[in-house]
Each structure stands twice: as C-alpha cells, then as structure tokens.
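**Student:** Heads up, the sequence shown is in our numbering, so the first residue is -1 and it goes up one at a time. Pasting in a structure now, in structure tokens, and then I'll have a few things to ask.
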Amino acid sequence: MKVTVAIVTYRRAWALPFSLASIANQTRRPDELIVVLKPSGDGSEEIISRFVSDLPLRLIIQHYGNVTNAVQMALDNARGDIVIFLDDDAIAEEKWVEKYITLFTNIPQAGGISGVTLKAYLKGSIVEKTAEEFYTMRPTKNVFYRKPLPEFVDYVGWISRSGFMGMREPPVEGVFKSALLGGVNMAWRRESVEGCPLAQQYKKSRKGMWFEQLLAYCVRRRGFDTYGVRGPQAPTVWHIVHTQSLTRGRGFWHEFWIHYDRVLFYKRAKRLGARFSPLMYLLGCMALMRRRTLPRLFATLYAWGTKI
C-alpha cells in the first residue's frame, strides 16, 4: 500500500519545522510527501527546503483560492493509495503512518479515517505535549432536525436530514463509523474521493467549514464508510494551541463566515445527491439562530442567497 502524506500550509513558517520533522521521524515513512504552499513571504519556502534531502517531498504552489483548493490540489496530485493529511501546526506520533496503514488494511470498506488530536503548547522552541483532547466531542441534542440521513443511520457522528451535523456519545476506545472527520488528522482512500468537486463547492467560502464532511458524503455515495478511532490504535497528533486559526476565533465576522458554511452545506451536499428535508433544514436554521443571533441571522440570509 503506497502512502502519500499531505500538508497544506499558509503563514506557518514558525510551525512547519515541527510538523515536517515528525514526518521524517515516522517508523514507516510515506512514499511521498506533498506540501501545498500558498506563499505569504514568511520564509516557509526556506523551511521546506531543509527537508528535501531527507523526505520524498514535492512542493506545489497554490496561487489562488482557500484551504479547500489546497486540499483538492493535494488529492489530485497524490500518487498513494491512501492520502493522509496533517495540519501544518500539528505533530504526528512516530507510528502515525503505520497505524493508518494497519487500519485501512484491516477495514477494506474504509474510505476515510480520522484519529485523535491532542493539545500541545509551544514554549520557546520546545513543544509541550499533553493528554488533553483538542476537540471537545459533545453529543448533540436528540431533536428532529438532527436525525441522520438514511446512509448514516448506524453512524456515531452523521450528516442529518437537515444538512447539519449530529452526534451521539462516542466510545472511549475502538473504531466506530463517523462522518465527523477532522482535517488536522485524517486519511482518505484515494479511489473513494477521486473526482469529488470539493474546491468547486467551496469557492465562495472563507473558512472551509465542514469540507471534511463533504468528502465523507462523497465517500458514502461511492459505497465506502468513514470512521473515527480512539484509544491505543488511534493515529495520534498534537495540535499546537495558538490564535491564528481559520475555524477558531471570536467576533462578529468570524461567526458570520463559520455559520455561512454551516448553512450552505445543505446546498453543497444536495448538489452531490443528498436527499435532505427542506422543512427540517428551515427549522434547523431557525433553531440555530437562538444563539449568536445577529451574525447567524445575516449569515443565514447571505447563504440562502448564494448560488452554488
């Protein structure tokens, strides 16, 4: 099984040495490493050049677009049977690639898999790793607009009939079906996502929110499943905690663009064949405006007026 590791990066020269070094330290090195770089003048090119002699590295320059364009470029150029994504500010454990290979080998119907992401802190030039999960996995309320689409009824994390996400309590350990893969630490069987028009569907996005779930939907349409993994067998990475993030932030415009993607997911997945309920979608949009009402109201109206 050939493996491609992909890192998409923008303005992360300070973090790239850690993420690239973690790939160089793998017990099973990838057959290729693709770095998709959107130049920013921060010296990332020089950092990347230090690893060219030590890794089978291919640098691809992204001249336009958002994070989904970068992910699409990585998938379109990958030669591996599986494509494993690592954030440019994350550090992979030494058996990270090896664990993904084992999982895809043992689960032939797996089209996508996501491991565990823990918190790390940068103290000077030292990375302090913790056992604290980076993302809080909170079950959603058991409300009608969160009911899963038929193709996700046996999933722990799913795409609902309204186009919003739903989740029940995941197991502490083990492998479970989930559409809620995280871009920091995820892998795809290349044949299951080939031709998925990710960048096209997200061309008006600022945040790329839920692009992983659109890929998961493409995977299900092709007859594969997607999985989450927890416990000792989970491929694990440490995500450096900082404030320069697309999807973590504060303020009116941050919430506006995040919620814009949430609301527009309905149209994006519907274009790919999702059979959503318009009534559940409308009621879900109304329910979600009870919190952070002003930015979510304007984002909803803007998304409703957006043509895909």
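Glycine residues also receive a C-beta, built at the ideal position from the N, C-alpha and C atoms.
Could you check the C-alpha separation between Arg136 and Leu31 for me, to the nearest Å?
**Tutor:** So the two alpha carbons sit approximately 33 Å from each other.
**Student:** Express the C-alpha separation of Thr291 and Val261 in angstroms, rounding to a whole number.
**Tutor:** If you take the alpha carbons of Val261 and Thr291, they lie about 14 Å apart.
**Student:** Could you give the uninterrupted runs of the beta strand (DSSP E) lying entirely in the stretch 122 to 200, keeping only those of 3 residues or more?
**Tutor:** Whole beta strand (DSSP E) segments, 3+ residues: 124 to 131, 155 to 157, 163 to 165, 172 to 175 and 183 to 187.
**Student:** Residues in the same chain with beta-carbon distance under 7 Å from Ala13, minus the five sequence neighbours each way, listed in chain order, please.
**Tutor:** Closer than 7 Å at the Cβ level, and outside the excluded window around Ala13, lie Asp86, Asp87 and Ile238.
**Student:** Cα separation between Ala285 and Arg27?
**Tutor:** If you take the alpha carbons of Ala285 and Arg27, they lie about 47 Å apart.
**Student:** Using CA coordinates, which residue listed in Gly249, Leu299 and Thr234 is at the minimum distance from Glu96?
**Tutor:** Cα-wise, what sits closest to Glu96 is Thr234.
**Student:** What do you get for Gly39, buried or exposed, if any count of 16 or more other CB atoms within 10 angstroms of its CB means buried?
**Tutor:** Classification for Gly39: exposed.
**Student:** Between which two residues does the alpha helix (DSSP H) holding Ala301 run?
**Tutor:** Note, Ala301: alpha helix (DSSP H), Thr291 to Trp302.
**Student:** DSSP puts Gly226 in a beta bridge; with which residues?
**Tutor:** Gly226 is bridged to Ser112 and Phe174.
**Student:** So, do the stretch 99 to 109 and the stretch 203 to 223 have three or more beta carbon pairs nearer to each other than 8 Å?
**Tutor:** Yes, the stretch 99 to 109 touches the stretch 203 to 223.
**Student:** Use the C-beta contact count for Ile21: other C-beta atoms within 10 angstroms, 16 or more gives buried, fewer gives exposed.
**Tutor:** Classification for Ile21: buried.
**Student:** Using CA coordinates, which residue listed in Gln70, Pro148 and Glu210 is at the minimum distance from Asn183?
**Tutor:** Residue Glu210 is the option with its Cα nearest to Asn183.
**Student:** In the structure shown, what three-state DSSP assignment does Lys36 receive?
**Tutor:** Three-state result, Lys36: coil.
**Student:** Please give the ranges of any alpha helix (DSSP H) in the stretch 26 to 106, keeping only runs that are unbroken, at least 4 residues long and fully inside the region.
**Tutor:** Counting whole runs of 4 or more residues, the stretch 26 to 106 contains the alpha helix (DSSP H) stretches 42 to 47, 65 to 75 and 94 to 104.
**Student:** Starting from the Cα of Gly193, find the closest Cα among Met71, Pro15 and Ile5 and give me that residue.
**Tutor:** When only C-alpha atoms are compared, the closest one is Met71.
**Student:** Check for me: the beta strand (DSSP E) holding Ala285 runs from which residue to which?
**Tutor:** Not the beta strand (DSSP E): Ala285 falls in the alpha helix (DSSP H), residues Pro276 to Leu286.
**Student:** Between Asp79 and Arg188, how many whole angstroms is the CB-CB distance? I'm expecting something under 8 Å.
**Tutor:** Correct: roughly 6 Å between the Cβ atoms.
**Student:** Assess, as a yes-or-no matter, whether the stretch 51 to 67 is touched by the stretch 151 to 162 under the definition of 3 or more beta carbon pairs within less than 8 Å.
**Tutor:** With the cut-off at 8 Å, the stretch 151 to 162 and the stretch 51 to 67 do not touch.
**Student:** Confirm, please, whether the CB-CB distance from Arg204 to Asn23 is below 8 Å.
**Tutor:** Contact: no.
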